[in-house]
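My numbering puts the sequence shown at residues 19 to 613.
Note that CB positions come from ideal geometry on N, CA and C, so glycine has one too.
Quick caveat, the model's predicted, so the values are computed rather than measured.
See below for the structure under consideration.
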Amino acid sequence: MATAYESFKLHTSPEKFYIEACDDGANDVLVIDRVSTEMTLAAKKDIPPSSVTRPICGIMGTIRLVAGMYLIIITKKKKVGDLFGHNIWKATEFDIISYKKTVLHLTDNQLTEFREWKQMQDNKCFLAMLNNVLNTDGFYFATNYDLTHSLQRLSNTSPEFQEMSLLERADQRFVWNGHLLREFTAQPELHKFAFPVLHGYIVVKSCCINGKYFDWVIISRRSCFRAGVRYYVRGIDSEGHAANFVETEQIVQYSGSKASFVQTRGSMPFFWSQRPNLKYKPKPQISKTVNHMDGFQRHFDSQIISYGKQVVLNLINQKGSENPLEQAFAKMVTSLGNGMVKYIAFDFHKECSQMRWERLQILVDRVAEMQDEFGYFMVDSDGKVLMQQEGTFRSNCMDCLDRTNVIQSLLARRSLQSQLQRLGVLHAGQRIEEQDDFENIYKNAWADNANACAKQYAGTGALKTDFTRTGKRTQWGLVMDGWNSMIRYYKNNFSDGFRQDSIDLFLGNYAVDEADSSTPLHVQKDWKFLTLPIIMVVAFSMCIICLLMAGDTWTETLAYVLFWGTASIGTAAIILFNGNEFVDTPKLVQKEKMD
Numbered sequence: 019m020a021t022a023y024e025s026f027k028l029h030t031s032p033e034k035f036y037i038e039a040c041d042d043g044a045n046d047v048l049v050i051d052r053v054s055t056e057m058t059l060a061a062k063k064d065i066p067p068s069s070v071t072r073p074i075c076g077i078m079g080t081i082r083l084v085a086g087m088y089l090i091i092i093t094k095k096k097k098v099g100d101l102f103g104h105n106i107w108k109a110t111e112f113d114i115i116s117y118k119k120t121v122l123h124l125t126d127n128q129l130t131e132f133r134e135w136k137q138m139q140d141n142k143c144f145l146a147m148l149n150n151v152l153n154t155d156g157f158y159f160a161t162n163y164d165l166t167h168s169l170q171r172l173s174n175t176s177p178e179f180q181e182m183s184l185l186e187r188a189d190q191r192f193v194w195n196g197h198l199l200r201e202f203t204a205q206p207e208l209h210k211f212a213f214p215v216l217h218g219y220i221v222v223k224s225c226c227i228n229g230k231y232f233d234w235v236i237i238s239r240r241s242c243f244r245a246g247v248r249y250y251v252r253g254i255d256s257e258g259h260a261a262n263f264v265e266t267e268q269i270v271q272y273s274g275s276k277a278s279f280v281q282t283r284g285s286m287p288f289f290w291s292q293r294p295n296l297k298y299k300p301k302p303q304i305s306k307t308v309n310h311m312d313g314f315q316r317h318f319d320s321q322i323i324s325y326g327k328q329v330v331l332n333l334i335n336q337k338g339s340e341n342p343l344e345q346a347f348a349k350m351v352t353s354l355g356n357g358m359v360k361y362i363a364f365d366f367h368k369e370c371s372q373m374r375w376e377r378l379q380i381l382v383d384r385v386a387e388m389q390d391e392f393g394y395f396m397v398d399s400d401g402k403v404l405m406q407q408e409g410t411f412r413s414n415c416m417d418c419l420d421r422t423n424v425i426q427s428l429l430a431r432r433s434l435q436s437q438l439q440r441l442g443v444l445h446a447g448q449r450i451e452e453q454d455d456f457e458n459i460y461k462n463a464w465a466d467n468a469n470a471c472a473k474q475y476a477g478t479g480a481l482k483t484d485f486t487r488t489g490k491r492t493q494w495g496l497v498m499d500g501w502n503s504m505i506r507y508y509k510n511n512f513s514d515g516f517r518q519d520s521i522d523l524f525l526g527n528y529a530v531d532e533a534d535s536s537t538p539l540h541v542q543k544d545w546k547f548l549t550l551p552i553i554m555v556v557a558f559s560m561c562i563i564c565l566l567m568a569g570d571t572w573t574e575t576l577a578y579v580l581f582w583g584t585a586s587i588g589t590a591a592i593i594l595f596n597g598n599e600f601v602d603t604p605k606l607v608q609k610e611k612m613d
């Protein structure tokens, strides 16, 4: 495998960027012309002595904004651990550097003063969007190991595949800087200067049971296809890509032998939406104008090719507003008529109501035979494949976050139990649950995995992590779930439009045209957007004032309170009725393209 360089220095001159490879024996320098944007290779002797030098950890890529091209670099990284002798890194800090030395060129076309200001503001807004994505925790990379593929996929590749560079061979579903690296991808000689970056969660732990040391790993790979935020990206697109699709691989390595168990999660794979409208839980809508089965079949065709047999674990409620979604999903699986896809509905909230979380074992027992049939991937210390995983569990709840992670952690533990016994780490009759030190590591890692996936999609940490961490539901956990639910409500209604735009810009779903001075960032709000909230606040304030400053008679005070109270409640009702006009909506990608 052609590996990427490990460390770099960035030398900046007024005309060019020089990115020097600092690995032992490396003499390559990537030169980026700041005017023509051309990328070429040079030698270290070509770096001008007058250039400003700084160490960097890697290149995320390049992107065009209103002010021209920008270079995005990784400035700080943190080691996550070693995976089969390869360093795994988490990118923690970034920098976005303009090719242009100033933004004064935005005034070159003799624009009016307002248009000059507008272009500069638009450019600042796009930069804020990029920083919004980069500051979302969870970017990981390796320079000499392919993190985008599971162990089983890597074992089934050809010698030609193994000779490819990381950029060429990467699974594009999980390369979050794929759009940013398009210039590098087009020039094979530049591949050593760039590497794929995952978004998701990785933990590497060195563990010990019975005096036997082994490495235990979780890798959650978040798909960049149909990526976005909770309420603006649901269901699937026409290609069958599901929203919030995450492949989670659990790996264990002991004495040279390796084992892997893969699960997936993803939004219910048909066309449905759940637009924010100020209500705590907007009613989900199933599209009535599209052919659901076309996208549905594409989704499962691709899943079967990638993972083998599919067992769908649908954890949503079977009553209330979620019920039509469950019925539609079940009906489509039946209509699909594919023996490779099995559907299991489990009403998580109903079964576990009143803190009866032990009832999750009902589902685990129900799918135990199928899990044993699917098996897991295992290879011995000589590289001989002992077992292949023949299928995966595809879990989902409404968001594919909280309920989903709980179930995935239980299935992963059951698989790990079998793996550790077969590897000889666990003695006959021993249970993982009895190994207190490892059980603590296991539970906390899966809870951290839940939090990472939840922050990336919903904007807050996950719910129900008290059960994942401790094995039981607690009153404090309920309080924290309530707090996170309130934060989710605010973000989903008043900041997720910007977050969705940020992701669409970062992934290339929206491309800035430097020659076009107009952008969709400036959308004129209806008069109701400003007027009604002001009226409501004034009316509510007057109601409080009337209560505190009583009139000459109680009837006069009551009349004032009733008047202003009615005004505030009536205005609030109007706002709620027109809720979709008061939420923060995406501007860069048209709404109908996201449904």
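Neighbour-count burial assignment, residue i, 16 or more Cβ in a 10 Å radius
| i | result |
| --- | --- |
| F26 | buried |
| I372 | The question names Ile, but residue 372 is Gln in the sequence shown. Exposed, since its Cβ has fewer than 16 Cβ neighbours within 10 Å. |
| A61 | exposed |
| T537 | buried |
| P73 | exposed |
| I106 | buried |
| N458 | exposed |
| N527 | buried |
| P294 | buried |
| K327 | buried |
| A577 | exposed |
| F314 | buried |
| A188 | buried |
| S176 | exposed |
Residue of the options minimising C-alpha distance to residue i
| i | options | result |
| --- | --- | --- |
| V98 | G156, N150, D140 | G156 |
| R506 | L419, V556, F558 | L419 |
| F289 | Q281, L28, I304 | I304 |
| Q437 | G489, S278, E391, Q170 | S278 |
| H540 | D398, C75, K136, L28 | K136 |
| N174 | Q328, Y460, Q407 | Q407 |
| E207 | I236, G489, E186 | E186 |
| S224 | I236, P214, L523 | I236 |
| A22 | F202, E111, T55, L169 | F202 |
| N63 | H29, Q389, S275 | According to the sequence provided, residue 63 is Lys. The question's Asn does not apply to it. Among H29, Q389, S275, the Cα nearest to that of K63 is on H29. |
| K210 | C370, L343, N162 | N162 |
| F595 | V330, I450, G338, P300 | P300 |
| Q389 | N141, F456, R431 | R431 |
| S413 | K482, K34, Y231, I334 | I334 |
| R240 | V222, W234, H167 | H167 |
| S256 | N309, N262, K297 | N309 |
| M57 | K306, G338, A212 | A212 |
Close beta carbons around residue i, own chain, < 7 Å, minus the five adjacent residues each side
| i | result |
| --- | --- |
| Q190 | G196 |
| W582 | A557, M560, C561, C564 |
| S353 | M311 |
| N127 | Model confidence at N127 stands at a pLDDT of 49, short of 50, so the residue's coordinates are unreliable and nothing is read from them. |
| N45 | A61, K62 |
Any non-hydrogen atom of the ligand GTP closer than 6 Å to residue i Cβ
| i | result |
| --- | --- |
| I37 | No copy of the ligand GTP appears in this structure; indeed no ligand is present at all. |
Whether residue i touches residue j by CB criterion (7 Å)
| i | j | result |
| --- | --- | --- |
| E38 | V47 | yes |
| I269 | Q453 | no |
| S320 | G258 | yes |
| S433 | Y460 | no |
| L525 | C242 | yes |
| P287 | A260 | yes |
| A468 | A480 | yes |
| L172 | F192 | no |
| Q518 | Y250 | yes |
| A465 | Y219 | no |
| I81 | I91 | no |
Cutoff 6 Å; reference residue i; Cβ partners in own chain excluding five residues on either side
| i | result |
| --- | --- |
| L129 | Note that L129 scores a pLDDT of 48, beneath 50, so its modelled location is shaky and nothing firm can be said. |
| K108 | K96, V98, Y158 |
| V397 | K276, V403 |
| Q336 | E344, D365 |
| F370 | Reading the sequence as shown, one finds Cys at residue 370 and not Phe. Around C370: R377. |
| I254 | A260, P287, G313, H317 |
Cutoff 8 Å; reference residue i; Cβ partners in own chain excluding five residues on either side
| i | result |
| --- | --- |
| G86 | S116, Y117, K118, H123, E532 |
| S513 | G477, D602 |
Within-7 Å CB hit, residue i to chain C
| i | result |
| --- | --- |
| V53 | This model lacks chain C altogether, as it is built from one protein chain only. |
key: the region 414-429 in contact with the region 171-186 per 3-pair CB rule at 8 Å   = no
query = Using 8 Å as the Cβ pair cut-off and three pairs as the minimum, do the region 382-389 and the region 437-451 touch?
reply = no
query = Okay, do the region 360-372 and the region 389-406 touch, 3+ Cβ pairs below 8 Å being the bar?
reply = no
ask   = Can we say the region 493-506 touches the region 585-594, given the rule of at least three CB pairs closer than 8 Å?
value = no
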